[in-house]
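First comes the structure, then the notes that go with it.
Number of protein chains: 2
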Amino acid sequence: MVWAKKENFADWYTDVITKSQMIDYYDISGCYILRPWSYEIWEHIQAYLDAKFKSIGVKNCYFPMFVTSEKLNREKDHLEGFAPEVAWVTKSGDADLKEPIAIRPTSETIMYPAFKSWIRSHRDLPVRLNQWCNVVRWEFKNPTPFIRTREFLWQEGHTAHATKEGAAKEVMQILEFYAGAYEELLAVPMIKGKKSEKEKFAGADYTTTIEGFIPSTGRGIQAATSHHLGQNFGKMFGISAEDDQGQKLIPYQNSWGFTTRSIGVMIMIHGDDKGLVLPPRVAPLQAVIIPIPVTDKDETDKIHDKGDEVLAYLQEAGIRGEVDHRRLYTPGWKYNHWELKGVPLRLELGPKDILKQQVRVVRRDTNEKIDIAFTDLKTKLPALLETIQKEMLERARKERDNCIRIVTQWSDFVKTIADGCMVLTPFCNEIEWEEVVKTRSREESLAILGEDGEADNTATSVAAKSLCMPFENNEMPMEPGTKCFVSGKDAKCWILWGRSY
Amino acid sequence: MVWAKKENFADWYTDVITKSQMIDYYDISGCYILRPWSYEIWEHIQAYLDAKFKSIGVKNCYFPMFVTSEKLNREKDHLEGFAPEVAWVTKSGDADLKEPIAIRPTSETIMYPAFKSWIRSHRDLPVRLNQWCNVVRWEFKNPTPFIRTREFLWQEGHTAHATKEGAAKEVMQILEFYAGAYEELLAVPMIKGKKSEKEKFAGADYTTTIEGFIPSTGRGIQAATSHHLGQNFGKMFGISAEDDQGQKLIPYQNSWGFTTRSIGVMIMIHGDDKGLVLPPRVAPLQAVIIPIPVTDKDETDKIHDKGDEVLAYLQEAGIRGEVDHRRLYTPGWKYNHWELKGVPLRLELGPKDILKQQVRVVRRDTNEKIDIAFTDLKTKLPALLETIQKEMLERARKERDNCIRIVTQWSDFVKTIADGCMVLTPFCNEIEWEEVVKTRSREESLAILGEDGEADNTATSVAAKSLCMPFENNEMPMEPGTKCFVSGKDAKCWILWGRSY
Chain P
-9 MVWAKKENFA
1 DWYTDVITKS
11 QMIDYYDISG
21 CYILRPWSYE
31 IWEHIQAYLD
41 AKFKSIGVKN
51 CYFPMFVTSE
61 KLNREKDHLE
71 GFAPEVAWVT
81 KSGDADLKEP
91 IAIRPTSETI
101 MYPAFKSWIR
111 SHRDLPVRLN
121 QWCNVVRWEF
131 KNPTPFIRTR
141 EFLWQEGHTA
151 HATKEGAAKE
161 VMQILEFYAG
171 AYEELLAVPM
181 IKGKKSEKEK
191 FAGADYTTTI
201 EGFIPSTGRG
211 IQAATSHHLG
221 QNFGKMFGIS
231 AEDDQGQKLI
241 PYQNSWGFTT
251 RSIGVMIMIH
261 GDDKGLVLPP
271 RVAPLQAVII
281 PIPVTDKDET
291 DKIHDKGDEV
301 LAYLQEAGIR
311 GEVDHRRLYT
321 PGWKYNHWEL
331 KGVPLRLELG
341 PKDILKQQVR
351 VVRRDTNEKI
361 DIAFTDLKTK
371 LPALLETIQK
381 EMLERARKER
391 DNCIRIVTQW
401 SDFVKTIADG
411 CMVLTPFCNE
421 IEWEEVVKTR
431 SREESLAILG
441 EDGEADNTAT
451 SVAAKSLCMP
461 FENNEMPMEP
471 GTKCFVSGKD
481 AKCWILWGRS
491 Y
Chain D
-9 MVWAKKENFA
1 DWYTDVITKS
11 QMIDYYDISG
21 CYILRPWSYE
31 IWEHIQAYLD
41 AKFKSIGVKN
51 CYFPMFVTSE
61 KLNREKDHLE
71 GFAPEVAWVT
81 KSGDADLKEP
91 IAIRPTSETI
101 MYPAFKSWIR
111 SHRDLPVRLN
121 QWCNVVRWEF
131 KNPTPFIRTR
141 EFLWQEGHTA
151 HATKEGAAKE
161 VMQILEFYAG
171 AYEELLAVPM
181 IKGKKSEKEK
191 FAGADYTTTI
201 EGFIPSTGRG
211 IQAATSHHLG
221 QNFGKMFGIS
231 AEDDQGQKLI
241 PYQNSWGFTT
251 RSIGVMIMIH
261 GDDKGLVLPP
271 RVAPLQAVII
281 PIPVTDKDET
291 DKIHDKGDEV
301 LAYLQEAGIR
311 GEVDHRRLYT
321 PGWKYNHWEL
331 KGVPLRLELG
341 PKDILKQQVR
351 VVRRDTNEKI
361 DIAFTDLKTK
371 LPALLETIQK
381 EMLERARKER
391 DNCIRIVTQW
401 SDFVKTIADG
411 CMVLTPFCNE
421 IEWEEVVKTR
431 SREESLAILG
441 EDGEADNTAT
451 SVAAKSLCMP
461 FENNEMPMEP
471 GTKCFVSGKD
481 AKCWILWGRS
491 Y
């Protein structure tokens, strides 16, 4: 079983997620089955984020997934963003419903009428709620498992604050949690920044984002977002409180979400031609023990028993381990099988290893082989897993950084994007000029790449989109005299462009 | 704020769940908002059951919530059970879908086609999956928050086994877990048994159940069910494996589910005229500390500071505690507030208590008051919480047992049911005779209760329904000569009847 991630990324991705038993396809387009091998990764992410949210006082709850059209339509900008993708229930059994009801694409319009009734006084603030749930966006772009699906799992946080500062602080706290989930758990490096006016969330004052990058496809990917909604929804839904002077106060609101897309990003970045490569902290299985059989059955039995002893060491060290006791498969078959599934460590255990009271440990990420004495397993394996975790992130960061280019004039822009890079430019930050970049880059890139240069590229995906204004690059004021790469006006910020998912 | 649980149960229930901030109403009938105060109880239940399921090898996953009508309709008995309640999506944005798609009322028909593709050999068995999700049943009976809602949260387990014995064993393991969640966490006693042919799950070979009882309304309530599906779905969906002789094997399947209804049952049983009474193991807050202010502000500040010290003792003991530091409310107001919310323990802390280095502890369930020295809090409070937990279950069990009657002839049956009891009878176990019981009891009870004797009783709810054949009463063979209470034929089993939700 050999795939070529480089040569045919789309087929590689489909193969690797199905053969590793992460995903199964389903007979409704855009819907996929999350099998235990991927769902368990989601459970690790949930545990991590849930603890972070609770640590700052956010509480979990559950709102209905249905919403009337009247409420859905109340915030116009928001509606525009979601209306074409909304799924409508119109019948129950054989009977038509009196009014069609929508399935949540996100829950602002579901939750905020309740906020209105709960918030009376400034003492009722902040309200900080989160729910883990499914949402439905009936998109017509090509679906991709994990990355763009019609139903997906996420958490959505919705909060209301007495002050803009309180809300703004939380927006950034949450963005840090999200970056932590990607970097610390999934070993995927993130760029934190702010979305442009054009790309911000429908109905928000501003959107902060973490952006990933898939080197194999040369595309950026929005990894998670944390929005400050200002008083927009508050005004639409009539939410107000009395402040301590008896004055009317419209709360400042945030919403923020993190989805199962994260699993797809992790797979795309770390997987290789042998299959998945899972970061240890989220791997359902961190180490698999393979007993190497000999011709004598009794001897083989002893080797299998020794495998269980080794497993006991692992369990004492808190490592998620398993012995592959199956007698019908050869060690070679098992190596391939567990490599495909991305298990971080393989422990080979043969008669010679047992004589030497050691086990041969093979890293999935580097294929490096190390002999470790039984007595050292408890200390060395946890350290090795942490090393792998760290090195996976470092390698991914290095590879990502190699794909970032600074461009200051339009003439270099499109070819750098078409080369599969992200491009950082000085920008005048005007929405019309962002439109210009999109349109022009689409036209020019089609000339470079050819109309059917890459089978899975729609016209949209060839166009450069702004990913974010990275915080890191915008900490200092622009150097005076810096000009926007496209308009030639004075530049207001550094902005990152790329093709994107 | 005084309610009368006895006099007007329906209003009491609505008041208590809304004023305690468990539930908020929503503008779509049958849909409710689960606020943090109830959702946190669900999180405790989830943690408990999830660990139990994993301990026997069940893995979590997530299947799409949409299903085509073709698949939904494949198992006819099953379809009949759910068809009238299915919600259909027919549009996305402004466009009609090519085919309407259903929202899961339960996921047998969604999951089992995947089982077909995953199960090839007996070595692929057992398959044991679970998902935590929402489901939709667009019922037309009167909705009741938690108890009967159009969207609700649950877990659904779906498993396939090589042998009937393996499947049957699991059915009972799961039923024990479910009974444990009710009895150990929610302090609600359960009767375990088997459903009659008439009441079993649509498409199952047999259904095991745990049944609760609400003394205030004299009604039984199905608390959770664990079904053995036999080979019914396997045949319909073409699931088969090769056994070790190369013969075709159709797996034996189970499905089992536990819902947010459980929270409603707990509230109905333990709540009183002051509000909720929460069992300590699931209470979001187990103890609230109320500083008693004095006229002098500095003194009052010291009392509040002492409250924080007491809280530290609680936290060291692993107790979920909080100090109510609000200065705008009187202690009396706070007592009522936290009683309404059902917090198991109130710790009153005044100047005299501080002099004596003690705190006055008040039990929510009995109103018993105990003084406990600061130095004893760490040991005595956890023990007290466990005592409360145990005694709540014991009291509920005693009250429930008082409402079980044995009846051997029809003439005693209806009036005992109408008295608000469950009735245990010898029964011939024929489905036609169960219909007779339902019809006749409805007619006779209407005569007793009057057509509008109780405002919230529909004709259906007055009719006696079989709840289950309790395992405990059917361990021994029937005594020879025992006759069925309704048909006069030889009795085959003891069965429990009641009005029900």
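Residue numbers (our numbering), protein chains in the order written: chain P, -9 to 491; chain D, -9 to 491.
Each residue gets a CB set at the ideal place from its N, CA and C atoms; glycine is no exception.
Note that the structure is a prediction, hence the values are computed from the model and not measured.
- prompt: Along the chain, which unbroken stretches of the alpha helix (DSSP H) at least 4 residues long are found entirely within the region 381 to 422 of chain D?
  reply: Runs found: 400 to 408.
message: Under DSSP, the beta strand (DSSP E) around D:D14 begins and ends at which residues?
response: Taking the second sequence and counting its residues from 1, the one referred to as residue 14 of chain D is at position 24. For D:D14, the uninterrupted beta strand (DSSP E) segment begins and ends at 13 to 15.
message: Quick check on DSSP: helix, strand or coil for P:K(-5)?
response: The sequence position of residue -5 of chain P within the first sequence is 5, counting from 1. In the structure shown, P:K(-5) sits in coil (DSSP, three-state: anything other than H, G, I, E or B).
field: Cβ-based neighbour list, P:P341, same chain, cut-off 7 Å, excluding 5 preceding and 5 following
entry: For the purposes of this step, residue 341 of chain P is taken as residue 351 along the first sequence, with counting starting at 1. The answer, listed in chain order, is V284, E289, I293.
- request: Anything in chain P within Cβ reach of D:G83, meaning under 8 Å, just list it in chain order.
  value: Mapped onto the second sequence, residue 83 of chain D falls at position 93. Chain P residues near D:G83: A73, P74, E75, V76, W128.
message: Taking contact to mean 3 or more Cβ pairs, one atom from each stretch, closer than 8 Å, check whether the region 301 to 309 of chain D and the region 53 to 70 of chain D are in contact.
response: Counting Cβ pairs under 8 Å, fewer than three are found: no touch.
- prompt: What three-state label does DSSP hand D:E174 in the structure shown?
  reply: Counting from 1 along the second sequence, the entry for residue 174 of chain D is found at position 184. When DSSP states are grouped into helix, strand and coil, D:E174 belongs to the helix group.
- request: Flag P:V6 as yes if its beta-carbon sits less than 9 Å from any beta-carbon of chain D, otherwise no.
  value: Translated into positions along the first sequence, residue 6 of chain P becomes position 16. Against chain D, the CB of P:V6 has no partner CB under 9 Å away; the residue lies outside that interface.
field: Whole-angstrom distance between P:G254 and P:D446, CA atom to CA atom
entry: In the first sequence, the residue the question calls residue 446 of chain P occupies position 456. In the first sequence, the residue the question calls residue 254 of chain P occupies position 264. Here P:D446 scores only 45 on pLDDT, less than 50, and its place in the model is too uncertain to base an answer on.
- prompt: In terms of residue numbering, what span does the beta strand (DSSP E) encompassing P:E86 cover?
  reply: Residue numbering aside, residue 86 of chain P sits at position 96 when the first sequence is read from its first letter. Going by the sequence as given, residue 86 of chain P is Asp instead of Glu. Counting along the chain, the beta strand (DSSP E) containing P:D86 begins and ends at 85 to 93.
Other residues of its chain near D:D153: CB distance less than 8 Å, five sequence neighbours each side excluded: Counting from 1 along the second sequence, the entry for residue 153 of chain D is found at position 163. Correcting the residue type first, residue 153 of chain D is Thr in the shown sequence and not Asp. Excluding sequence positions up to five before and after D:T153, its CB lies within less than 8 Å of the CB of Y242, all in the same chain and listed in chain order.
field: Residues near P:V48 by beta carbon distance below 8 Å, same chain, minus five either side
entry: Position 58 of the first sequence holds residue 48 of chain P. Excluding positions up to five away in sequence, the list reads R118, L119, N120, G147, T149.
- request: Keeping to the same chain, check which residues put their C-beta closer than 8 Å to that of P:D361; ignore five residues upstream and five downstream.
  value: By one-based count along the first sequence, residue 361 of chain P stands at place 371. These residues qualify, in order along the chain: D343, K346, Q348, V349, R350, V351.
query: Using the C-alpha atoms, what's the distance from P:G410 back to D:N222?
result: By 1-based counting over the second sequence, the position of residue 222 of chain D is 232. By 1-based counting over the first sequence, the position of residue 410 of chain P is 420. Take the alpha-carbon of D:N222 and the one of P:G410: they are about 53 Å apart.
query: Would a C-beta distance cut-off of 9 Å place P:H476 and P:C418 closer than the cut-off?
result: Along the first sequence, one-based indexing puts residue 476 of chain P at 486. Along the first sequence, one-based indexing puts residue 418 of chain P at 428. For the sequence presented, residue 476 of chain P should be read as Val rather than His. Yes, these two residues count as a Cβ contact at 9 Å.
message: Residues of chain B with CB closer than 9 Å to the CB of P:P341, please, in chain order.
response: Looking for chain B here will not work: the only protein chains present are P and D.
Under 8 Å from the C-beta of D:C411: neighbouring residues of chain P: Taking the first residue of the second sequence as 1, we reach residue 411 of chain D at position 421. Simply none; closest approach about 35 Å.
message: Counting only Cβ pairs nearer than 8 Å, list the residues of chain D close to P:L457.
response: Locating residue 457 of chain P in the first sequence gives position 467, where the first residue counts as 1. Those within 8 Å of P:L457 in chain D number zero; the least Cβ separation is about 27 Å.
message: Below 7 Å on C-beta distance, what does P:L143 contact in chain D?
response: On the first sequence, residue 143 of chain P is found 153 positions in, with the first residue counted as 1. Proximity of chain D to P:L143 at the Cβ level (cut-off 7 Å) is accounted for by Y52, in chain order.
- prompt: Taking the alpha-carbon positions, what's the D:E(-3) to P:F191 distance?
  reply: What you label residue -3 of chain D is simply residue 7 of the second sequence in a count that begins at 1. What you label residue 191 of chain P is simply residue 201 of the first sequence in a count that begins at 1. C-alpha of D:E(-3) to C-alpha of P:F191: approximately 51 Å in a straight line.
Per-residue DSSP class, three states only, for D:T96: For this step, residue 96 of chain D is matched to residue 106 along the second sequence. When secondary structure is reduced to three states using DSSP, D:T96 falls in the coil class, being assigned neither helix nor strand.
query: By Cβ distance below 7 Å, which residues in the same chain neighbour P:D67 in space, the five residues on each side in sequence not counted?
result: Here residue 67 of chain P corresponds to residue number 77 of the first sequence, with the count starting at 1. Hits under 7 Å: A192, G193.
message: Whole angstroms are fine: how far does the CA of D:A169 sit from the CA of D:R489?
response: For the purposes of this step, residue 489 of chain D is identified with residue 499 of the second sequence, where counting begins at 1. For the purposes of this step, residue 169 of chain D is identified with residue 179 of the second sequence, where counting begins at 1. Using only the alpha carbons, I get a separation of about 21 Å.
- prompt: Within the chosen definition, does the region 105 to 119 of chain D reach the region 16 to 24 of chain P through at least 3 CB pairs nearer than 8 Å?
  reply: With contact defined as three or more Cβ pairs closer than 8 Å, the region 105 to 119 of chain D and the region 16 to 24 of chain P are not in contact.
query: Grouping DSSP H, G and I as helix and E and B as strand, with all else coil, what is P:A0?
result: Position 10 of the first sequence, counting from 1, holds the residue named residue 0 of chain P. Residue state, collapsed to three classes: helix.
message: In the DSSP output, which residue or residues are listed as bridge partners for D:V125?
response: For this step, residue 125 of chain D is matched to residue 135 along the second sequence. Partner(s): D:F142.
- request: Tell me, please, which residues DSSP counts as bridged to P:I280.
  value: Mapped onto the first sequence, residue 280 of chain P falls at position 290. Looking at the DSSP assignment, P:I280 forms a beta bridge with P:E338.
- prompt: With a CB to CB cut of under 7 Å and the five nearest residues on each side skipped, what residues in its chain are close to P:N63?
  reply: Numbered from 1 along the first sequence, position 73 holds the residue referred to as residue 63 of chain P. Only L69 meet the Cβ criterion.
- prompt: Do the CB positions of P:L176 and P:P269 come within less than 9 Å of each other?
  reply: Taking the first residue of the first sequence as position 1, residue 176 of chain P is located at position 186. Taking the first residue of the first sequence as position 1, residue 269 of chain P is located at position 279. For the pair P:L176 and P:P269, the CB atoms are nearer than the 9 Å cut-off.
D:H327 - DSSP class collapsed to helix/strand/coil: Stepping through the second sequence from its first residue, residue 327 of chain D is reached at position 337. D:H327: helix per DSSP, three-state reduction.
task: Locate the beta strand (DSSP E) running through P:M459, then write down its first and last residues.
output: As a first step, residue 459 of chain P is located in the first sequence; it is residue number 469 there, counting from the start. Per DSSP, P:M459 belongs to the beta strand (DSSP E) from 455 to 460.
- request: Using a Cβ-Cβ cut-off of 9 Å, state whether D:F56 counts as contacting chain P.
  value: For the purposes of this step, residue 56 of chain D is taken as residue 66 along the second sequence, with counting starting at 1. Interface residue, yes.
- request: Check each residue of the region 88 to 104 of chain D: if its Cβ is closer than 8 Å to any Cβ of chain P, include it; give the result in chain order.
  value: With the criterion set as a beta carbon lying under 8 Å from some beta carbon of chain P, the members of the region 88 to 104 of chain D are P90, I91, I93, P103, A104, in sequence order.
Inter-residue spacing [alpha-carbon to alpha-carbon] between D:E363 and D:L374: For the purposes of this step, residue 363 of chain D is taken as residue 373 along the second sequence, with counting starting at 1. For the purposes of this step, residue 374 of chain D is taken as residue 384 along the second sequence, with counting starting at 1. Here the sequence assigns Ala to residue 363 of chain D, which means Glu is not the residue at that position. D:A363 and D:L374 have their C-alpha atoms roughly 14 Å apart.
query: Nearest to P:R251 by alpha carbon, out of P:Y29, P:T207, P:F(-1)?
result: Working through the first sequence from its first residue, we reach residue 251 of chain P at position 261. Ranked by how close their Cα comes to the Cα of P:R251, the residues P:Y29, P:T207, P:F(-1) have P:Y29 in first place.
message: With a threshold of 8 Å, are at least 3 pairs of Cβ atoms found where one atom belongs to the region 388 to 404 of chain P and the other to the region 153 to 165 of chain P?
response: Because the criterion of three Cβ pairs below 8 Å is not met, the region 388 to 404 of chain P and the region 153 to 165 of chain P do not touch.
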